[in-house]
Amino acid sequence: MSAHLDAALAVGGKRAFWRVPDRLRLWHVAAALWAAVFGAYFNSIDNGLVDFDDATTLSDSPDAMGSVAGLKKSLLAAAGEPADALPLLISQRPLTILTKAFDQAAFGEAYAWHRLVNIAWHLAAAWFAFLVAARLSGSRGFGLAASLVFALHPVQTESVAYLAGRRDVLSGALSLASIHFWLSASSTGRGPPLAASVGLWLLAMAAKPSAIAVPALWAAATALRRPDPLPGRKWLLAAAVAVCASFLTAHAVMEREGFEVRPELYWHGGTPLAQWATEPRVLIHALRLLVWPATLSADYSFQVFDASRSWLDARTILSVLALAAAAALAWRLRKTRPLAAFGLLWIGVAYAPMAHALPTPHNLEGFAEHWLYLPAFGFALLAASAARELSRRSRAAACCATGCVLLAYTARTVARNRDWKDAETLWSKTVQTAPRSARAHAVLALVYLRQGRLELAETENRKAIELGSRDPRTYLNQAIVYRAQGRLPEAERLFRQARLQPNAEPHLENIDFGLALLYYHWGRLDKAARMLDPRALIATGSRKRQGLELISARRLDLAGVIAAARGDAALAEQAHLAALGLEGDYPPARMNLAGLYLENGRAHLAVAWLREELSRAPSNLRARVLLGRSYLELGRLKRAQRTLRSATRLAPPSVEAWLALAEAETRAGDAAGALAAARGAAALEYSPRTRFQLDRARSLAAPRAAR
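When you line the sequence shown up against the numbering used here, it's residues 594 to 1300, in that order.
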């Protein structure tokens, strides 16, 4: 196989832009690419998850686009109503999801291995980039230079160092492989390479629908080379174009119907004219990043990349003129420098599926760097062509310039990998590079909220709102911050503002839940009960929208807590049981039901539920404390002591565990144990209840000391 490829690529030696690379063996090229790719991305292997699409793709929710559960739901829908569900199934990127499912099964939560798989696919893409460039140029040196530029370009970081970027590296590798086999088929006229090319193209579309551009690249690559003997080539290309057009239409219709509730969100800038007038500027920005990737950002939403209002916008006019100049340059170079012209054409064709010509929900984001994964190969051809031109004057200068560019790319890629280390580093960097990004401020606020850094979360959320964020989650998270700070009236106002946002409908479950929880903590139980009426929720199964079982279970569980606080234990029990009926593995409902039984003198039932919970989650601290209290209520002191002692050894330290243990030791007559437990509680929280337990333990120990 290696000898066959060596022979296939051993052409055009006199046209090489330096002599030494053309004497490279294929294994030399493979070793160089391996060292370059793993050297550039090695520091990304231990990165954590970021609050972007990572959590969505690893979600168990059937409504999470790009998740295994979402793919299963689409497969079932496609089996029942294929005409309606098939476009949705394709848009889920099934091949990408299947590779992630394999990663989950093989590696679990060892995400370093997931990233190694991403890097391996990027290495495969670089290898096929070498093969394509070498076939087109007739020079392995040219192919190696182009593949290294493609592999090390900093704009690729978002696709490689980001778990959800699997769609790009997988689709890109398969697309380049398809083009390689197409060139082989066009040279030899053999059927197997043609079949492999078509099959790889279909797999690339299953990984990411943007591979729809591959047949156009087939045609361009074929036109670049000599006329080929492949019979029926024009008919095959026509059929492929028809398939692509049909798929694009179905995909656009599917996305439009799925988001028709808020039509103002379809167009970047609010109107088709604004959207189309903005696209030339977006493409110029993409070209600028390919040429000079100094400033990279994870967000290009509408506040960051503002829309043009008309075609008379000066920025749009300048962008159109620049694109026209690039097209004229490509046309002029088509005969004298065909590879450079092909590189420019490649960028435009490969980027075309990402251009917002039709209204889709993705228009909320005007641009994303991972969209440039496959177009970057066109820039790599341009860079290698420039190096070849320079080599005709000075081979040493060409080698030096190429080496400096590759070293600069590697350094920028390594630095960018550090930005993707975790959610805090990514979004902290994004608010620096794009300070007008409302989404970046909002996501950073969410990161701070999860860390318990409420002041920082409040500051970032306020900035997002000031920048004009219409995302109801921003208002929701700010309300949660205010609730945690005890600023309940302000929290209520923010919850209500979240409901008024134009795209609040998908988030109403969370908003209503948060508002009801606010009223519960506020002591306004009647309002909380009106927000979450247990009887109505039980009667309807709380399924207001299909696929929200977990959220519905949460609503039912909170309704039960509110009913218990209002003194209706029977209704509270029904609500908790209904929540467990919807989501059998919902721990809060099981815990609240056990607590309800314990408070109402049915500790034996509490024991059964708590033991089941601990069999599922042995480190559940609250369950262990409640189980110890239940044993204490039943008079089983030895078991209560053992259970509560084990609870005090769990992290984080719990005042409740130490207080319950002090009570158990006191009832058992163990003065030393009671005093030690009371001191443990007082060390964590010096309050009236811990002082009471401490005094009680001391009074128990005093008579024994006197004796």
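All C-beta atoms in this analysis are idealised placements derived from N, C-alpha and C, irrespective of residue type, glycine included.
Per DSSP, what kind of secondary structure is residue i in: helix, strand or coil?
| i | result |
| --- | --- |
| E958 | strand |
| S894 | strand |
| D1150 | helix |
| E702 | coil |
| Y1041 | helix |
| V643 | coil |
| L889 | coil |
| G1079 | coil |
| W904 | coil |
| D1119 | helix |
| N1070 | helix |
| L793 | helix |
| S925 | Reading off the sequence shown, one finds Arg at residue 925, where the question assumed Ser. It is helical. |
| H1197 | helix |
| E674 | With a pLDDT of only 47 at E674, under 50, the local geometry of the prediction cannot be trusted, and no value is derived from it. |
| R1209 | helix |
| D696 | helix |
| I638 | coil |
| K607 | The predicted position of K607 is uncertain, since its pLDDT is 38 and thus under 50; no value can be drawn from it. |
| H949 | coil |
| S1247 | coil |
| S1145 | helix |
Tell me where the alpha helix (DSSP H) around residue i begins and ends.
| i | result |
| --- | --- |
| K1022 | 1016 to 1026 |
| F935 | 931 to 944 |
| R1235 | 1230 to 1241 |
| D1105 | 1101 to 1115 |
| E1098 | Per DSSP, E1098 belongs to no alpha helix (DSSP H) and is neither H nor E. |
| G734 | 733 to 745 |
| G996 | 988 to 1012 |
| A871 | Contrary to the premise, residue 871 reads as Thr rather than Ala in this sequence. Start and end: 865 to 884. |
| E1226 | 1214 to 1226 |
| I772 | 759 to 781 |
| A624 | 619 to 634 |
| I805 | Taken as a continuous stretch (DSSP letters only), I805 belongs to no alpha helix (DSSP H), as it is neither H nor E. |
| V753 | 750 to 753 |
| G971 | 969 to 984 |
| L1125 | Counting along the chain, L1125 falls outside any alpha helix (DSSP H), and DSSP gives it neither H nor E. |
| A1057 | 1047 to 1059 |
If I measure Cβ to Cβ from residue i and keep anything under 6 Å in the same chain, skipping five residues before and after, which residues do I get?
| i | result |
| --- | --- |
| H773 | F721, L724, V725 |
| R1011 | none |
| A1152 | L1125, P1127, L1130, A1168 |
| L793 | L767, A770, S771 |
| A1304 | The chain is shown from 594 up to 1300; residue 1304 falls before or after that span and cannot be answered. |
| L617 | R733 |
| A1050 | A1038, Y1041, L1042, V1074 |
| S752 | G758, D761, V762, H963, Y966 |
| Y944 | P968 |
Using C-beta distances below 8 Å, list every residue in its chain close to residue i, excluding the 5 sequence neighbours before and after it, in chain order.
| i | result |
| --- | --- |
| L1243 | S1212, L1214, R1217, A1250 |
| L1207 | N1213, A1216, R1217, L1220 |
| S912 | P873, R874, L876, I877 |
| S1239 | R1217 |
How about residue i and residue j: are their beta carbons less than 7 Å apart?
| i | j | result |
| --- | --- | --- |
| R1032 | D892 | yes |
| D1015 | G641 | yes |
| L1130 | A1157 | no |
| L1111 | R1076 | yes |
| L538 | G765 | The question about residue 538 has no answer here: the residues shown for the chain are numbered 594 through 1300. |
| A1146 | E1166 | no |
| L889 | R760 | no |
| A1233 | A1257 | yes |
| L1060 | Q896 | yes |
| A628 | A744 | no |
| A1172 | A1182 | yes |
| A1072 | A1057 | no |
| N711 | V762 | yes |
Just to confirm my understanding: we take residue i, look at its own chain, exclude 5 residues before and 5 after, and list those with CB closer than 7 Å. What are they?
| i | result |
| --- | --- |
| A1187 | A1199, W1202, L1203, L1219 |
| L1293 | T1259, A1264, A1267 |
| A738 | A977, A980, T995 |
| W904 | A870 |
Looking at the C-beta of residue i, does it have a partner C-beta in chain C at a distance below 7 Å?
| i | result |
| --- | --- |
| A757 | Judged by its chain identifiers, the structure shown contains no chain C, having just a single protein chain. |
What are the uninterrupted segments assigned as alpha helix (DSSP H) that are 4 or more residues long and contained completely in the segment 1257 to 1295, given in chain order?
Within the segment 1257 to 1295, the complete alpha helix (DSSP H) segments at least 4 residues long are 1264 to 1277, listed from N- to C-terminus.
List in chain order: all unbroken alpha helix (DSSP H) runs of 4+ residues lying wholly within the segment 1160 to 1192.
Counting whole runs of 4 or more residues, the segment 1160 to 1192 contains the alpha helix (DSSP H) stretches 1162 to 1175, 1180 to 1192.
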